[in-house]
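Down below is the structure, laid out as structure tokens.
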Amino acid sequence: MITDLQRGDFFQKGHRYRRKQIHKLYKGQEQSEISTPKAHPYIFIFTKESGSEYGTGHGWNRDKTAFFYTGEGQRGSMQLIKGNKALREHFLSGKAVYLFHYVEPGVVEFIDEVTYINHQLEIMWDSDGELREAIIFELERNPVIEEKAAKLDVSPYSTEQLRHIALGEEKKTSVYEQTAALKQYVHKRAAGICEACGESAPFIAKDGSSFLQMYYLPKLSEGGLAKPKDAAALCPNCHSRLRYGKDSEVYKEELITKINEKEAGKKSE
């Protein structure tokens, strides 16, 4: 069954979509394996088994937590330009990466949101039968990143230090540290108050903290790597309203304005 996609809908893992419909809503290169819409903070990447015809291959590691994705370029050595560059620098540009797999011509299945971890060069054949250097990206599932981040203790850091780490401004900071710092920072910024409706958290959690849920503003899936301006701490009611409410898009725009104002204040401090 093919899911009818509407603007702002979250991609559901295992659901199938028409690729043309994705591009109709968000634009981007319709024939490329790496599609980079200019007007939206998303990168769509597509994989299919026929890539082996051009000396490329995509695949999971043994436990399916990381996906190895061969970059763009059918002839000659691959370079970190265009789609390859966009994928390598997606966090710096504030873009989320969504991985799809072709199940039939024109139809793709959503696999997961992924984040760039590393890349390496391998010698492979190109479409002309010549040996060349190919870029192999290591992309990790965002739920895996969050699971690893949850094991890190970032409590000793101040609110400002957490913000710098979440922004990737600290040298040699891993994506796991950034994710852990982001969650801690956003909850400290909220200070027990829902950042959408302004009401106090509905209850105190078992760990003694005010119960607020993380929400990622410009994304089409939940969780993973983001920047402080892209995340909010919400009460369960506002979190559900942004997911399922009839006025979700308007409410989201109002929340984006509130978070931008908060972050603008942090910059000027």
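Each residue of the sequence shown is one higher than the one before, starting from 1 at the first, in full-length UniProt numbering. Yeah, the Cβ is synthetic: ideal placement off N, Cα and C, and Gly gets one too.
Cβ pair residue i, residue j closer than 8 Å
| i | j | result |
| --- | --- | --- |
| residue 191 | residue 157 | no |
| residue 46 | residue 108 | yes |
| residue 115 | residue 140 | yes |
| residue 220 | residue 98 | yes |
| residue 113 | residue 14 | no |
| residue 189 | residue 262 | yes |
| residue 119 | residue 138 | yes |
| residue 195 | residue 10 | no |
| residue 145 | residue 185 | no |
| residue 96 | residue 42 | yes |
Spatial distance of residue i from residue j (CA atoms)
| i | j | result |
| --- | --- | --- |
| residue 39 | residue 160 | 30 Å |
| residue 237 | residue 254 | 16 Å |
| residue 252 | residue 232 | 11 Å |
| residue 266 | residue 111 | 36 Å |
| residue 127 | residue 75 | 6 Å |
| residue 37 | residue 78 | 21 Å |
| residue 257 | residue 5 | 26 Å |
| residue 117 | residue 200 | 37 Å |
| residue 245 | residue 129 | 54 Å |
| residue 56 | residue 142 | Any reading at residue 56 needs caution, since the residue's pLDDT is 48, under 50, leaving its predicted position unreliable; the model's value is listed next. About 24 Å. |
| residue 259 | residue 91 | 19 Å |
| residue 243 | residue 125 | 45 Å |
| residue 165 | residue 149 | 13 Å |
| residue 240 | residue 1 | 26 Å |
| residue 168 | residue 206 | 30 Å |
| residue 122 | residue 235 | 47 Å |
| residue 81 | residue 197 | 43 Å |
| residue 229 | residue 179 | 13 Å |
Whole-number beta carbon distance between residue j and residue i, since they are thought to touch under 8 Å
| i | j | result |
| --- | --- | --- |
| residue 3 | residue 26 | About 15 Å separates the two Cβ atoms, so there is no contact after all. |
| residue 94 | residue 183 | So it is not a contact: roughly 17 Å between Cβ atoms. |
In DSSP terms, what residue i is bridged to
| i | result |
| --- | --- |
| residue 110 | 100 |
| residue 44 | 35 and 98 |
| residue 212 | In DSSP, residue 212 forms no bridge with anything. |
| residue 132 | 124 |
| residue 59 | 68 |
Review point. Looking at C-beta atoms only, is the number of pairs between the segment 60-72 and the segment 16-31 that lie closer than 8 Å three or more?
Key: Taking 8 Å as the limit for Cβ pairs, the verdict is that the segment 16-31 does not touch the segment 60-72.
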